[in-house]
Structures are given as C-alpha cells and as structure tokens.
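**Student:**
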Amino acid sequence: MKTTETRTRSVVTRAALAALVVGVVLVAVAAAVSGASAARGAAVGGVIAVGIFAFGAFGVDAVSRLMPAASLMFALLTYVLQVVVMALLFVAISRSGLLDDELDRNWLGGAIIAGAFAWMVVQIRLATTARIPAFEPAARPPAEGGAR
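Here our numbering is used: the first residue of the sequence shown is 315, the next is one more, and so on.
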C-alpha cells in the first residue's frame, strides 16, 4: 500500500511529466510550422513552466511533510514567489534581446500557458481521484489474552 507521501509525489511527478510532454509536442509543432526560432521559444517556455511549477510543488510537498501546520502559509508564499520568478524571467529574457530574434515570443508564451494548463489539469484530476485519508484512525489496543 502506498503512503500519503508517495501518492503526493506521484501526483506531482505525473503532472510534471504531462507538462513536459506538452512542451515537447509544442516544440515539434513549432519547428514544423514556424521554424527554429519558434521551436526554441516553445522549448524555453516549456522549461520555464515545468521548472517553476515543479519547484513550487515539490517545495510545498516537502514543507507539508516536515511542518504540516505551516503548509498553507508556505503554499501561498510559494505561489507569490512563482509569479515573481516568472515576471523576473520575462524581464531578463526581454532585456537580453533574445525575444523575437532567437526566441519567438508567441510560442514561448503559448508553451508556458499550455504547460501550466496541462500541469493543472493532471494534478487536479489525480489529486481528486487519489484515495488519501483525511485522518488516520486511532490504533485499537490489542485484545486481552491475544487473538481469539
């Protein structure tokens, strides 16, 4: 039987794999439709989406195992951090001059959106269908005189 920790990691890992698969498919489509710049944009967008969501999900998972009482606060702070990191990455990519020259802006944004959507759909689906108990039942004391 799987533990709650194993199930949680499995949900996060599957969501990451789904977003990665979507990113790889988008890279192939971008290369076929719009060329190398679009493929690079889709690849960078896919890496950004998977990287940011994986960092946040695995971080929240670790904190929820170590300090369950702090998990909601950490989850909210992680969300804010993810938004800030995403904005900083866009600013850095824009200032570097890579957008529209080396990386197609539309494919980069599309890959981030598609990766986020795939991550979210898979994680919600797996989390809502997982049989994770809300509490652990109290252990029953052994019967006097052993098993009967």
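Ideal placement from N, C-alpha and C gives every residue a C-beta, glycine not left out.
The model shown is predicted, which means the values in this text are computed figures rather than measured ones.
Would you mind working out which of G370, A346, S348, A353 sits nearest A330, comparing C-alpha positions?
**Tutor:** Minimum Cα distance to A330 is reached at G370.
**Student:** Find the nearest neighbour of A333 within the set R419, A356, S348, A406, judged by alpha-carbon distance.
**Tutor:** Checked all of R419, A356, S348, A406; the closest Cα to A333 is A356.
**Student:** Residue range of the alpha helix (DSSP H) that G365 falls in?
**Tutor:** 350-380 is the extent of the alpha helix (DSSP H) around G365.
**Student:** Return the first residue and the last residue of the alpha helix (DSSP H) that G429 is part of.
**Tutor:** Here the alpha helix (DSSP H) through G429 covers 419-443.
**Student:** Out of F367, S378, V374, R419, which one is the CA nearest neighbour of W433?
**Tutor:** Here the closest residue by C-alpha is F367.
**Student:** Expressed to the nearest angstrom, what Euclidean distance is found between the alpha-carbon atoms of G429 and R379?
**Tutor:** Between G429 and R379, the C-alpha separation is close to 26 Å.
**Student:** Just mark I426 as buried or exposed, buried being the case when its beta carbon has 16 or more other beta carbons within 10 Å.
**Tutor:** So I426 counts as buried.
**Student:** For M315 and G424, I'd like the C-alpha separation in whole angstroms.
**Tutor:** Note on M315: pLDDT 48, under 50, position unreliable in the model; no value is reported.
**Student:** Measure the C-alpha to C-alpha separation of L422 and M381 and round it to an integer number of angstroms.
**Tutor:** Spanning the two alpha carbons is a distance of roughly 36 Å.
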